[in-house]
Structures are given as C-alpha cells and as structure tokens.
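**Student:**
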Amino acid sequence: MADKFISYSSPMVRALLEDRKTNTRRALTPQPDWIEEVQKTIVHGLVWPIGSLGQQCGAPIKKPRIEVGDRLWVKEDWRTFVSLDGLKPSEVWSKNQDRGAGIAYEAGGGLAISKGGKDYHYSHERDEMPPFGKLRKSRFMPKWASRLTLIVSEVLVQRLEDISEADAIAEGVERDRDGWKQYGTVTLDPSAVWATAKDAYHDLWDSINGVGAWDDNPWVATYKFSVIKENIDRIAV
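Taken in order, the sequence shown gives residues 89 to 325; the numbers are from the working numbering.
As structure tokens, this is what we get:
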C-alpha cells in the first residue's frame with residue numbers, strides 16, 4: 089500500500105463529491121502491441137495477456153502505477169486569496185501558519201485552516217466562486233490542500249470500449265432529463281441527450297483526450313475505489 093496523487097477536472101471532482109464516481113480509467117503508456125481476443129491478468133507483478141487456451145502470448149509490461157490498497161489524494165484546480173497570489177503553492181501554508189489560510193476550489197467549495205493548522209473546515213457546496221485570486225492548476229496543488237482521498241479496491245487491465253453500462257455510470261457521467269449529458273465533442277442539438285451512459289462516457293473521453301481517442305480503443309488501467317471526503321493526512325490509518 090502506498091500514498092499517491094491523482095488529478096481530476098472540476099466536473100469529475102463534482103462527481104466524486106456527489107458520490108457518482110467510483111471508477112476511473114487511464115490509458116496505459118506505452119500501449120502494448122498484443123494480439124486481439126486476449127484476457128488480462130496480473131501475475132507476479134506483471135501484466136500478461138492470456139490466450140483462450142491459457143498460454144502466455146506476447147511480452148509482459150509494467151503493472152499499472154496504482155495498486156489495490158493504494159490511497160490516492162486528489163489534485164484539483166484551486167485558488168488562494170488575492171493577497172497570496174505572489175506565493176508559490178508550497179509557500180501558501182508554510183508562510184501563513186501564524187494566521188491561518190483559505191483556498192477556494194474551482195469545482196465549488198473551499199477550505200479554511202485555523203491558525204497553527206489545528207482545525208480544517210471544508211465546504212463542498214457548489215456556490216459562486218468568492219473573490220479569490222488567480223487560478224492555480226491541479227498539478228500545482230500541494231498535499232495539504234487536497235480534500236478527497238480514494239481507497240483503491242480493484243485494478244483491471246482492459247480495452248477502453250469494453251466498458252459496461254454500469255461502469256460508465258460509475259465513471260461519473262451525468263444524467264440529463266431522460267438521457268445522459270453531452271460533453272461537447274460532437275455537434276448535436278443542444279437540447280439532445282445521449283441514449284446511454286456508455287455513449288456519454290465516449291463523449292467525455294474524447295473531450296479529455298481529443299476527438300477520435302475513443303476510436304483508438306486503447307488498453308486502459310481501470311481503478312475501482314471508495315471515496316473519503318477528507319485530506320489524506322487527516323485520515324486514521
């Protein structure tokens with residue numbers, strides 16, 4: 089078990105906060121050059137393709153970066169007070185411990201830390217963004233500012249397009265009236281909706297990875313997890 093970080097866009101952070109997201113998929117890098125029609129399993133720390141007769145076919149690749157039991161602290165887009173805009177992310181708290189600090193999350197809500205760091209108060213409401221400073225991208229979020237922790241319960245290796253309808257829903261796609269939300273990569277009537285969650289996830293994947301990325305049908309690592317709405321260092325082990 090190890091503690092690692094994972095980054096999410098604001099819509100996916102909302103899905104985590106609203107208990108709609110318990111799965112995530114990340115493309116394997118590099119992509120393995122395996123024959124089609126293989127099953128996948130993890131053997132001795134390596135990912136092997138297993139043929140229908142049980143024989144190994146192809147070369148092993150490195151196992152996914154994330155493993156069962158890992159704790160993932162979530163990075164997301166954030167802001168600090170305007171007066172702190174000149175500070176590096178690592179300095180926002182280290183230089184303000186004597187008076188406390190506050191941040192706003194781009195996905196909604198905020199964090200107030202009391203003087204000395206004794207108390208952390210989170211708000212997860214999707215309210216209007218208060219007059220905070222410049223946008224700081226998720227990759228620059230320090231560990232202390234994270235408000236979500238994921239506990240990994242299962243790791244699979246599969247083709248992207250093998251996703252089931254249930255798993256597409258668990259990826260956090262949103263309901264929209266009698267269908268599923270559009271994510272903007274296909275020109276449709278704005279009033280239209282996707283018929284299935286899998287269609288919506290196809291659209292979401294292309295919105296993140298580029299139009300046509302779904303059609304490449306890459307091998308992906310699929311992580312299933314539970315969500316704890318707390319900073320990773322404030323959770324009892």
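Where is the CB? At the ideal position from N, CA and C, for every residue including glycine.
Could you spell out where the alpha helix (DSSP H) holding ARG153 opens and where it closes?
**Tutor:** It is not in any alpha helix (DSSP H) - ARG153 carries neither H nor E in the DSSP assignment.
**Student:** Measuring only the C-alpha atoms, how far is ARG159 from ASP266?
**Tutor:** In a straight line, the C-alpha of ARG159 is about 36 Å away from that of ASP266.
**Student:** Suppose the cutoff is 8 Å on Cβ atoms and the five residues either side in sequence are ignored; what does the same chain contact list for GLN143 look like?
**Tutor:** At GLN143 the pLDDT is 43, less than 50, meaning the model places this residue with poor confidence; the figure from the coordinates comes in the next sentence. There are no such residues.
**Student:** Applying the 10 Å Cβ sphere with the 16-neighbour rule, what's the burial state of ALA309?
**Tutor:** Per the 10 Å Cβ criterion, buried.
**Student:** Closer than 8 Å by C-beta to SER178: which residues in its own chain qualify, once you throw out the five before and the five after it? Chain order, please.
**Tutor:** Excluding positions up to five away in sequence, the list reads PRO230.
**Student:** In its own chain, which residues sit with a C-beta less than 8 Å from the C-beta of GLU253, not counting the 5 before and 5 after it?
**Tutor:** Contacts found: THR284, ALA285 and LYS286.
**Student:** Which value, in whole angstroms, describes the spacing of the CA atoms of TRP307 and LEU116?
**Tutor:** Taking the straight line joining both Cα atoms gives about 6 Å.
**Student:** Quick one: what's got a C-beta closer than 8 Å to VAL162's C-beta in the same chain, skipping five residues either side?
**Tutor:** For VAL162, where only same-chain residues beyond five positions count, the Cβ hits under 8 Å are PHE93, ILE94, SER95, TYR96, VAL101, LEU104, SER234, ARG235, LEU236, THR237 and LEU238.
**Student:** Kindly list the residues whose CB is nearer than 6 Å to the CB of LYS109, restricted to its own chain and excluding five residues on each side of it in sequence; keep chain order.
**Tutor:** Counting only Cβ-Cβ distances below 6 Å, and skipping sequence neighbours, we find ALA103 and GLY260.
**Student:** For HIS132 and MET89, I'd like the C-alpha separation in whole angstroms.
**Tutor:** With a pLDDT of 48 at HIS132, under the threshold of 50, the predicted position of this residue should be treated as unreliable, and no value is reported.
**Student:** Helix or strand or just coil, what does DSSP make of SER211?
**Tutor:** DSSP places SER211 in strand when its eight states are reduced to three.
**Student:** Sort ASN111, GLU106 and ASP91 by Cα distance to ASP255 and report the nearest one.
**Tutor:** Ranking the options by Cα distance to ASP255, first place goes to ASN111.
**Student:** So, is ASP291 buried or exposed, given that buried needs 16 or more other C-beta atoms within 10 angstroms?
**Tutor:** It counts as buried.
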